[in-house]
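Asks: Have a look at the structure that comes next, please.
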Amino acid sequence: MSTPFVARADQVARLTEALDRARAGAPALVLLGADAGVGKTRLVREVAARAEAGGARVALGHCVDLGEIGLPYLPFAEALGALHALDPDAVGAVVAARPALGRLAGTGAGGASGDGVADRLQLFEGVAEALAACASPAHPLLLVLEDLHWADASSRDLLRFLVSRLTNQHLLVVATYRTDDLHRRHPWRSVAAELARHPRTEHLPLEPFTEDELRLFTAAVAGAPLPDPLLRRVRERAEGNAYFTEELLEAGADGDELPWSLGDVLRTRVEQLEAAPLRLVQLASAAGRRVDEPLLRAAARADDDPVLREPGAVDRALREAVAQHVLVVEDGRIAFRHALLAEAVYTDLLPGELSGVHRAYLRALDADPQLGTAAQRAAHAVRAPDLPVALRASWDAAVQAHRVLAPAEELRHFEVVLRLWEAVPEEAARLPERHVGVLLRAAGAASRAGAADRAVQLARSALDDPGTPPDEVPVVRTALARHLLGVDDVPAALAEATRAVAELPDTPTPARAWALATYARAAVNAGREDEAEQLAARAVEVARAVDDAAAESDALATLAVAERLDHAHSTGLLTEALERAVAAADRATELRIRYNLASAHYDVGDLEAAAAASAEGVARARALGMTWAPHGMELHALDATVRFARGDLAPPAATPAGGGDVPGLAAALVGAAQLWAAVARGDDGTVAWAAALEPWWDRDALVALLAGGNAVDALTWQGRPAEARALLDRVDAHMRSVWPEMYTGGIRMMALALAAVADEAATLRLTGGDVTALLADADARLERAERTAQGRRPRSGGIGPEGRAWLARVRAEHARAHGRADPDAWAVAVEEFGYGHVYEQARSRWRWAEALLAVGDRAGASEQASVALAEAERMGAVPLASAVRDLVRRGRLDVDGVRAPTTDVLTAREAEVLALVAQGLSNRQIGERLFISGKTVSVHVSNLLAKLGAHGRAEAVAVAHRRGLLTTVP
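Position in the sequence shown (first residue = 1) + 1 = my numbering.
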């Protein structure tokens, strides 16, 4: 008997419509999240069956809970295997073009790339191309990925990549996951949230059955409608969960002996099995929800329990388990009807039984390694436990993860090796690395996975390891110094690098080349450029003498940053360093150089080159599995910054920005950079978003600068200038405590502060307030910005285009704060931002139009306002576009698309009251002037506040002024 499918008409319709759009060339991702047992699998199976009946192709992939033992790309490998069987020519053609895909597609192809490891980008592109190749208007492809809450990090990365490549393929991806498993730090949580923001993503909620739906479902399961009392009882216990409900009914819902917990219900079902089927089910549970039938049969033959050894016993047991609705066949694999059933069976096993089932799998895998992977072998060995086998299998799994560029899985496997090291010293001695070597390998994997703090811990452990030979200590110190630079602990990195150089003999060796290169890099980060130049030059000499291209590229990158070079010379040196890093397969140095190249282009105002370099760097970081490694996350942040400056305010397609799968610091830094566009778009919650990043200020001052500065801008847009100034001063104090007092970013901070001061002063002038203190504040901030600009000139030869533009805005905002309309100052700001900063140029153009209007140049004001409005609307900069429209209405400017101003929003009496409120009169004073009671005045004030959307009298005056509603004063 199959599970009946009832209700869910809305969900089926939405998925069917999405598939129809995919058929027309509009691909999409549907996120189907719900609690375990609600019916996700049954829904997608029903839609898949209907899709196949309509001519679509269907490929399914599943994730398996292997705990800390990850199995990279499992759901995609399963789906691609199905597609290869479905259309071998299409998949084979893609594999021929991208051989790395053969490892997942099951074609037997896919040799190592030229540098000894798989090219992850080729693998990702190959998956995207294979899916596209197997889809057509006549036969669109429905790709179902189930249980993504168990997905490994590499599969999550591949899904992100795939979604980012959705353009015009005839493809619909449906991803299911359990919402009740997503605790706060669950790795899938942030991935789902980020994917949901992609324009081609649709979230499809699947709630428990309503009472009416449950009535239909229970009638279908039981074969007849349930009596109302029994239906209510089932609903109370199952709470609308389809699987829970079905299990209760299957176990006999009309008796008092019904179990009170689902675990009891599930065990009741399993306990009905005979000994042989029960043992087979227990064996299956040790593999998770699904298991390949050959592996399950081999485990049954290797099991200590003789109940399955008789001829035909496994076949009979399997048929009985299927007949009793415990096991099913899904896509050629043996599976539990529901994941919860597998969990219930597994957790009910006694310790000895647990050991027995896992040992059965170990024997089966030992006898035929082709039945599974090293990761599966390690998982069973850890739980058996068979520690020697677990150690070796974990090592093998780590090596395999490294080969396919899956650093998160690599780190987890190495962590298992390290935990087991002392427990099985004989087996550990047989590994090709000593303990210190495993520690350093694990540290490298941690760094590539973005776990920078863990990388430092592991490297410190390597330094403290008593088994480290004395002649290797300097090498370990150098590695530790590099990991310390990854967490921005420059003083500690400098100390370790200094000691490493001192401990090494002054003869050319690769170790000395790396020590000098690392010392030079730490020195330049510490602001000791002259010393860094000398050290880097010496490192280049030593590296060339010993033919170490990787160390040479690292030192060349430092020279390009440290030396007083023009842009062409600097980028030329960086390009040379990049070529050497790529040739030497030094991926960490490669990403550092790519970041420096993109930054160099940005610093000189070449945003087109910066955009190309940062985008290429981000793609390369993802392809290398180093998305959140040092300089991988910085490339993501820079890419967001460059896109914003060029006027691209679109929400991130699939770039993670918070918690879970993304390391905390990376989430904070990238999230802070994404605030640029979020504030410009006028998104809700930006101030709270920035505040949530404050705990990361001490880890990376750039988070404080970006998040804090953008929050200041958001507060100013929201009409909260006093709060904006207070926050800015707090951020600035933090920056000056960790960066040079006259840091260049302070010029932008002073511009933002002066914008808030100018707004606050304008409001005070309208209400007759005293602006003396604000003007003194404005003067101090102008002086600070001018001194900062002057302080940059001795070494660098002057601030760059961005710094000059912000300084021009500082001067213009200073004039506005003093109440002076200065069109020339704003014209300079517009010209300076013309290097390519589209958003800030449009914002300055708005203020230029305002100043022109104030001095009576209506034609000029209309011209600038028209350009500013067009740019703001094109970008989707809602606050800026609204501000320009308000200016146009208030000034009655001739700008297409903006209606003439009207005061219809307020009644005549409300307008009179508002004009007197603007003069600072109290309700009593207004009543006396208008010959009405103070209470009546209060009613009018409340009404006009509501109409203007203001929270107080001062804000109402400011809003009315912007909207041209303050035209006369009685």
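Here a beta-carbon is modelled for each residue, glycine too, at the ideal position from N, C-alpha and C. Treat the numbers as computed from the prediction; the structure is a model and nothing was measured.
Using the rule of at least 16 other Cβ atoms within 10 Å of the residue's Cβ for burial, across every protein chain shown, is T773 buried or exposed?
Replies: Translated into the one-based positions of the sequence shown, residue 773 becomes position 772. By the 10 Å Cβ count, T773 comes out exposed.
Asks: Select from D825, E814, A610, V145 the residue whose C-alpha is nearest the C-alpha of Y836.
Replies: Position 835 of the sequence shown holds residue 836. With distances taken between Cα atoms, Y836 lies closest to A610.
Asks: Among residues of its own chain, excluding the 5 on either side of A98, which ones have a beta-carbon nearer than 8 Å to its beta-carbon?
Replies: Taking the sequence shown and counting its residues from 1, the one referred to as residue 98 is at position 97. Answer for A98: G127, E130, listed in chain order.
Asks: Based on the DSSP secondary-structure assignment, which residues constitute the bridge partners of E147?
Replies: If you number the sequence shown from 1, residue 147 lands on position 146. According to DSSP, which records beta bridges pairwise, E147 is partnered with H63.
Asks: My output table needs one value for R384: the three-state DSSP class, helix, strand or coil.
Replies: Here residue 384 is taken as the residue at index 383 of the sequence shown, counted from 1. Of the three classes helix, strand and coil, the one that applies to R384 here is helix, per DSSP.
Asks: Below 7 Å CB to CB, which residues in the same chain sit around A1012 once its five sequence neighbours on both sides are set aside?
Replies: With the chain covering only 2 through 971, there is no way to say anything about residue 1012.
Asks: With distance defined between alpha-carbon atoms, name the residue in R500, A452, G487 nearest to E473.
Replies: For the purposes of this step, residue 473 is taken as residue 472 along the sequence shown, with counting starting at 1. Ranking R500, A452, G487 by Cα distance to E473 puts R500 first.
Asks: Could you spell out where the alpha helix (DSSP H) holding I748 opens and where it closes?
Replies: In the sequence shown, residue 748 corresponds to position 747, counting from 1. Note, I748: alpha helix (DSSP H), 746-767.
Asks: May I ask you to verify whether the segment 817-834 touches the segment 622-633, counting CB pairs closer than 8 Å and requiring at least 3?
Replies: At 8 Å Cβ cutoff, the stretches do not touch.
Asks: Can you tell me the Cα-Cα spacing of G468 and L536, whole angstroms?
Replies: Reading the sequence shown from its first residue, position 467 is the one you call residue 468. Reading the sequence shown from its first residue, position 535 is the one you call residue 536. If I take the Cα positions, the gap works out to 31 Å.
Asks: Please return the same chain residues whose Cβ sits closer than 6 Å to the Cβ of L1, not counting the five positions on each side in sequence.
Replies: The question about residue 1 has no answer here: the residues shown for the chain are numbered 2 through 971.
Asks: Under a three-way DSSP split, which group does G445 fall into?
Replies: Start at 1 with the first residue of the sequence shown, and residue 445 comes out as number 444. Residue state, collapsed to three classes: helix.
Asks: For Q377, does the count of other Cβ atoms within 10 angstroms reach 16, so buried, or fall short, so exposed?
Replies: Here residue 377 refers to the residue found at position 376 when the sequence shown is read from its first residue. Classification for Q377: buried.
Asks: For the 8 Å Cβ check, are there 3 or more pairs between the segment 359-372 and the segment 397-414?
Replies: Cβ pair count under 8 Å is below three, so no.
Asks: Identify the continuous alpha helix (DSSP H) that holds I594 and give its terminal residues.
Replies: In the sequence shown, residue 594 corresponds to position 593, counting from 1. Residues 588-604.
Asks: Taking P73 and E410 to be in contact with their CB atoms under 8 Å, please state how far apart those CB atoms are, rounded to whole angstroms.
Replies: Translated into the one-based positions of the sequence shown, residue 73 becomes position 72. Translated into the one-based positions of the sequence shown, residue 410 becomes position 409. So it is a contact: roughly 6 Å between Cβ atoms.
Asks: Would you report the Cα separation of H568 and H632, rounded to the nearest angstrom?
Replies: The residue labelled residue 568 in the question sits at position 567 within the sequence shown. The residue labelled residue 632 in the question sits at position 631 within the sequence shown. Cα to Cα, H568 sits roughly 21 Å from H632.
Asks: Does the beta-carbon distance from M743 to L729 come in below 8 Å?
Replies: Against the sequence shown, residue 743 aligns to sequence position 742. Against the sequence shown, residue 729 aligns to sequence position 728. It is not a contact, given that the beta carbons lie outside the stated cut-off.
Asks: Please report how far the alpha carbon of W849 lies from the alpha carbon of S867, in whole angstroms.
Replies: For the purposes of this step, residue 849 is taken as the residue at position 848 of the sequence shown. For the purposes of this step, residue 867 is taken as the residue at position 866 of the sequence shown. C-alpha separation (whole angstroms): 12 Å.
Asks: Can L608 and A646 be called in contact, C-beta distance under 8 Å?
Replies: Here the question's residue 608 lines up with position 607 in the sequence shown. Here the question's residue 646 lines up with position 645 in the sequence shown. Cβ atoms of L608 and A646: closer than 8 Å.
Asks: Which residue comes first and which comes last in the beta strand (DSSP E) that contains T202?
Replies: Locating residue 202 in the sequence shown gives position 201, counting from the first residue. Segment 202-206, the beta strand (DSSP E) holding T202.
Asks: Return the first residue and the last residue of the alpha helix (DSSP H) that T572 is part of.
Replies: As a working mapping, residue 572 is identified with position 571 in the sequence shown. Start and end: 568-584.
Asks: For the candidate residues L122, P295, L279, whose alpha-carbon lies nearest to that of L309?
Replies: Taking the first residue of the sequence shown as 1, we reach residue 309 at position 308. Checked all of L122, P295, L279; the closest Cα to L309 is L279.
Asks: Per DSSP, what kind of secondary structure is V457 in: helix, strand or coil?
Replies: Taking the sequence shown and counting its residues from 1, one reaches residue 457 at position 456. In the structure shown, V457 sits in a helix (DSSP, three-state: H, G or I).
Asks: Determine, using beta carbons only, whether G665 and L694 come nearer to each other than 8 Å.
Replies: Taking the sequence shown and counting its residues from 1, one reaches residue 665 at position 664. Taking the sequence shown and counting its residues from 1, one reaches residue 694 at position 693. No, Cβ-Cβ distance for G665 and L694 is not below 8 Å.
Asks: Run through the segment 315-355 for me and flag every whole beta strand (DSSP E) of 3 or more residues, listed as ranges in chain order.
Replies: Complete beta strand (DSSP E) runs here, min 3: 328-331, 334-337.
Asks: Please report the distance separating the alpha-carbon of D397 from that of A375.
Replies: If you number the sequence shown from 1, residue 397 lands on position 396. If you number the sequence shown from 1, residue 375 lands on position 374. One C-alpha to the other measures close to 6 Å.
Asks: The beta strand (DSSP E) that contains L172, what's its start and end?
Replies: Sequence index remark: in the sequence shown, residue 172 carries index 171 (1-based). 172-179 is the span of the beta strand (DSSP E), which, as asked, contains L172.
Asks: Note down the Cα distance separating Y347 from H326, rounded to an integer number of angstroms.
Replies: Position 346 of the sequence shown, counting from 1, holds the residue named residue 347. Position 325 of the sequence shown, counting from 1, holds the residue named residue 326. One C-alpha to the other measures close to 17 Å.
Asks: Shortest alpha-carbon distance to L355 belongs to which of R9, D387, E911, V330?
Replies: In the sequence shown, the residue the question calls residue 355 occupies position 354. Nearest option by C-alpha distance: D387.
Asks: Should D760 go down as buried or exposed, given a rule of 16 or more other Cβ atoms within 10 Å for buried?
Replies: For this step, residue 760 is matched to residue 759 along the sequence shown. Per the 10 Å Cβ criterion, buried.
Asks: Note the first and the last residue of the continuous beta strand (DSSP E) segment covering L163.
Replies: Residue mapping note: residue 163 aligns to position 162 of the sequence shown, counting from 1. Counting along the chain, L163 falls outside any beta strand (DSSP E), though it belongs to the alpha helix (DSSP H) covering 154-165.
Asks: Using the beta-carbon count (16 or more within 10 Å), is V958 buried or exposed?
Replies: The residue given as residue 958 occupies position 957 in the sequence shown. Buried is the call here.
Asks: V488 by DSSP, collapsed to three states: which one?
Replies: Position 487 of the sequence shown, counting from 1, holds the residue named residue 488. V488: coil per DSSP, three-state reduction.
Asks: Which residues mark the beginning and the end of the alpha helix (DSSP H) in which G672 is found?
Replies: The sequence position of residue 672 within the sequence shown is 671, counting from 1. Per DSSP, G672 belongs to the alpha helix (DSSP H) from 665-682.
Asks: Roughly how far, in whole angstroms, is the beta-carbon of A35 from the beta-carbon of A19, given that I think they are within contact range, below 8 Å?
Replies: For the purposes of this step, residue 35 is taken as the residue at position 34 of the sequence shown. For the purposes of this step, residue 19 is taken as the residue at position 18 of the sequence shown. Not confirmed; about 17 Å, so no contact.
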